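Anchor point for the sequence shown: position 126 equals 125 in numbering that gives the first Met the number 0, and the numbering is continuous, going up by one each time.
The C-beta atom is built at its ideal place from N, Cα and C for all residues, glycine as well.
As the structure is a prediction and not an experimental result, all values here were calculated from the model.
Scroll down for the structure; my scribbles are underneath it.
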Amino acid sequence: MHPFTSLALWFWLSASVIYLPLDLPLLLISGGVFISVLIWTASRWRWRFIAWLMIPMAIGLWLVHSGWLAHWITNAPLDTSNQHAAIALWLRLLAIISAAQLWLQYTTTEQFIKALFASRLPVSFSYLLAGPLLLVEQLNQQLQNIKEAQLARGVPLDGNFYQRLSALPAVLFPLISHTLSDLAIRGAALDMRGFRIIAKRTTLSPPTDSSLQVVLRYAILLIILIEGGIWLWW
Numbered sequence: 000m001h002p003f004t005s006l007a008l009w010f011w012l013s014a015s016v017i018y019l020p021l022d023l024p025l026l027l028i029s030g031g032v033f034i035s036v037l038i039w040t041a042s043r044w045r046w047r048f049i050a051w052l053m054i055p056m057a058i059g060l061w062l063v064h065s066g067w068l069a070h071w072i073t074n075a076p077l078d079t080s081n082q083h084a085a086i087a088l089w090l091r092l093l094a095i096i097s098a099a100q101l102w103l104q105y106t107t108t109e110q111f112i113k114a115l116f117a118s119r120l121p122v123s124f125s126y127l128l129a130g131p132l133l134l135v136e137q138l139n140q141q142l143q144n145i146k147e148a149q150l151a152r153g154v155p156l157d158g159n160f161y162q163r164l165s166a167l168p169a170v171l172f173p174l175i176s177h178t179l180s181d182l183a184i185r186g187a188a189l190d191m192r193g194f195r196i197i198a199k200r201t202t203l204s205p206p207t208d209s210s211l212q213v214v215l216r217y218a219i220l221l222i223i224l225i226e227g228g229i230w231l232w233w
């Protein structure tokens, strides 16, 4: 499947759960997508990221929308009228984030970048989307090098929590400095290569696409617009 087709399916799921009220369909979709993350062996390790994100969010939503936080701070009367809206919001976010993890596991960064540059999108816009993805691996390598250098200098990056927290600027400042200098180098390299002179770029081994998938993507976009119109009308 083309990366844009799987991305369109994720957009469709995200839009659909936003329009759903707190009822059985929303519960089934949210639970089903999260269970799919657990069932698929390749994506099973991603459940930790979902849990680390959703559990604190659930606590925060409960404190704010249950009325208990305002009751404890201001001694105001307990108002629990927003609890259902908070639960619905949490379930929607669970479905969206879980589906995003499935898409990230299914579509590699290399495939998505190739799809961007092989598409009809403007070259500058494609590079704007692909730029952060291209920097991820380089940032990880720079972070590892900075960490090893600071450990050799005696910076307590492997100490307890407070030591690592106090030593955080010793890692962040060199990383930011290297990143900014690297952006200038990348910009100069693009200028020397005549970036944006040719509107259509040639991509080696672009992702396989078909007319059926193109029609499917447009159909998904149309369905999203129809769902949004029905939701606004009702």
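query: From residue 85 to residue 204, what does the alpha carbon distance come to, in whole angstroms?
result: 46 angstroms
query: Does DSSP put residue 47 in a helix, in a strand, or in coil?
result: helix
task: Output the distance between the C-alpha atoms of residue 208 and residue 1, rounded to the nearest integer angstrom.
output: 6 angstroms
task: State the DSSP-derived secondary structure class of residue 39, mapped to helix, strand or coil.
output: coil
Among 17, 141 and 105, the one whose alpha carbon lies nearest that of residue 227: 17
query: For residue 100, is the classification buried or exposed, using 16 other Cβ atoms within 10 angstroms of its Cβ as the cut-off for buried?
result: buried
query: Apart from the five residues just before and just after residue 213, which ones in its own chain have a Cβ nearer than 8 angstroms to its Cβ?
result: none
message: Counting beta carbon pairs with one atom in the region 108-116 and one in the region 48-63, are three or more of them shorter than 8 angstroms?
response: no
field: C-alpha distance - residue 95 paired with residue 184, whole-angstrom precision
entry: 37 angstroms
task: Can you say whether residue 73 is buried or exposed, counting buried as having 16 or more other CB atoms within 10 angstroms of its CB?
output: exposed
- prompt: Can you give the beta carbon distance from residue 163 to residue 173, rounded, assuming they're within the 8 angstroms contact cut?
  reply: 16 angstroms between Cβ atoms; not a contact.
message: Looking only at its chain, what residues have a beta carbon closer than 6 angstroms to the beta carbon of residue 104, apart from the 5 residues adjacent to it on each side?
response: 41 and 42
- request: Assign residue 225 to one of two classes, buried (16 or more other C-beta atoms within 10 Å of its C-beta) or exposed (fewer than that).
  value: exposed
query: Mind checking whether residue 222 and residue 10 have CB atoms under 8 angstroms apart?
result: no
query: So the alpha helix (DSSP H) residue 214 belongs to, where does it begin and stop?
result: 210-232
CA nearest to the CA of residue 14, picked from 52, 92 and 53: 92
field: Length of the line joining the Cα atoms of residue 132 and residue 108
entry: 7 angstroms
task: Please determine, among 149, 98 and 150, the residue with the shortest C-alpha to C-alpha distance to residue 6.
output: 98
message: Assuming residue 19 and residue 25 are in contact, meaning their beta carbons sit under 8 angstroms apart, how far apart are those beta carbons, in whole angstroms?
response: 4 angstroms
- prompt: Looking at the unbroken alpha helix (DSSP H) that takes in residue 139, where does it start and where does it end?
  reply: 122-151
task: Verify whether the separation of the beta carbon atoms of residue 122 and residue 149 is less than 8 angstroms.
output: no
message: Quick check on the burial criterion: 16 or more other C-beta atoms within 10 angstroms. Buried or exposed for residue 217?
response: exposed
query: Can you name the start and end residues of the alpha helix (DSSP H) that residue 108 belongs to?
result: 108-117
message: Using 8 angstroms as the threshold, is the C-beta distance between residue 12 and residue 87 below it?
response: no
query: In or out: residue 4 buried (at least 16 other Cβ within 10 Å) or exposed?
result: buried
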